[in-house]
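Under our numbering, the letters of the sequence shown match residues 13 to 381, in that order.
One structure is given below, encoded as structure tokens.
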Amino acid sequence: MDYEPKEKTKNQLQKEISKAPRKEGIILDLSDLHYTLDIYEENEVYLLVSDLKKVYFDNPENNLSLDDIDYIVISGDFVERGDSEASFEKAFHFIDILSKQLKVPYEKIVIVPGNHDLSWNITMNSYHLAIGTPGPNDKVVTNVGTDLFYLKRNDVEWYKKFTNYSKYLYEKLYKSPFPDNPKEQIKVILGEFIENKKIAFFMLNTAAEIDQFNREITYFDTDGLIKASRQLPQNNIIKIAVGHHPVDLTNSYGNDIPFANALQNENFKIYLHGHVHRTISLDYLNPQNINPNMLMIGAGALSVGKSGLWPGVPERYNVIKISKTDTPNKILVSVNTRQREYIGTYWQPAYIYYEDDGKKLTNIWSNVI
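Structure (structure tokens):
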């Protein structure tokens, strides 16, 4: 009697697929939530997840599955005001709901603080009026005759400015407090990703030196980045740095250029950032100017209020696909950018990239790096 094998069940097929080497991985790239008490986080998750189900890269009939998302990156500015504990609670609720719906565990969620996430009450209260000779972190107020009056900074108290960020976000995700000392704040999340390659996210606090008097200072811990990078194996790891602020390569007097130089020499493939509520920035300053070794990708603003957006520029986020190539040490990076007019509305493709020599606009950007 001839034996006809039964058709494989769906569960059997899924198990076989899961055992197959993975050729690509997916990162959900978000930034600038700017949560306030009037934001309905459940609806924000609903709108985001609904849009993710429509995302595709190569074939319109092959939409992204929510189970395909490996990591969630949120690059700072979780709240509008860092003194609002209730806003942090809402931001965490958003993360928690999203984590459950996408089945991405906390250990695969990457967060960094932004300039809105620090407490200005703490930084303000760390200064007191003094007379005499100010130190490098103090602020001169005025002089009366030969007496010089200045605001003396209590550094121990001043560096506690991320207490709410630590308590309501960082500790809930990672079960340990966010260090006060900027030199101790770099954290690396290392995990499995695609065939024969792990992925490492280097989490940076670029807002470490900001307060009321220093609102535009960007802090790049270049030495800490290099040290953390060299503690990892140098082969078969895709290195991605994450910070809130973009790298300004026109700032020749700051530490932006040494930081960018360190990224490339330590073989980082991507720098993910937020902060810029204007345009996505791929490859340093120009999305069409290809850097063959590394990309800088800005996520735009996810849910900032209308007053925080530049006229004519919508809110945006990215879905990033990283694929294996046949060339050693090279990966294919594809960025699918989404946008909406303002908070509470539906997401759609963002047609901001050129293809076919500028003849056509697309929402997907790809290149081998």
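Positions of the beta carbon are idealized from the N, C-alpha and C atoms, including for glycine.
As the structure is a prediction and not an experimental result, all values here were calculated from the model.
query, result
"Which residue comes first and which comes last in the alpha helix (DSSP H) that contains residue 276?", "268-277"
"What do you reckon, are the CB atoms on residue 160 and residue 222 nearer than 8 Å?", "no"
"What is the DSSP secondary structure of residue 112, counted as helix, strand or coil?", "helix"
"Let me check one thing: in DSSP terms, what residues is residue 142 bridge-paired to?", "162"
"May I ask you to verify whether the region 198-216 touches the region 246-263, counting CB pairs closer than 8 Å and requiring at least 3?", "yes"
"Excluding the 5 residues flanking residue 314 on each side, which residues of the same chain have their C-beta closer than 7 Å to its C-beta?", "42, 43, 44, 45, 327, 329"
"Can you tell me where the beta strand (DSSP E) with residue 235 in it begins and where it stops?", "Per DSSP, residue 235 belongs to no beta strand (DSSP E); it is in the alpha helix (DSSP H), 234-242."
"Report the CB separation of residue 334 from residue 206 in whole angstroms; it is logged as a contact under 8 Å.", "7 Å"
"Taking the beta strand (DSSP E) that residue 62 belongs to, which residues open and close that run?", "First-last for residue 62: 53-64, but that is the alpha helix (DSSP H), not the beta strand (DSSP E)."
"For residue 91 versus residue 128, is the C-beta distance shorter than 8 Å?", "yes"
"According to DSSP, residue 361 sits in a beta bridge with which residue or residues?", "350"
"DSSP three-state label for residue 180, please.", "helix"
"Going by beta carbon distance, what residues of the same chain come within less than 6 Å of residue 344, once the five residues before and after it are set aside?", "335, 337, 380"
"Pick from 308, 304, 164, 186: whose alpha carbon is nearest that of residue 104?", "186"
"Rounded to whole angstroms, what's the CA-CA distance from residue 79 to residue 87? Just pull it up for me.", "22 Å"
"Counting C-beta neighbours from all protein chains within 10 Å, is the total for residue 176 16 or more, i.e. buried, or is it exposed?", "buried"
"Give the DSSP bridge partners of residue 285, in chain order.", "310"
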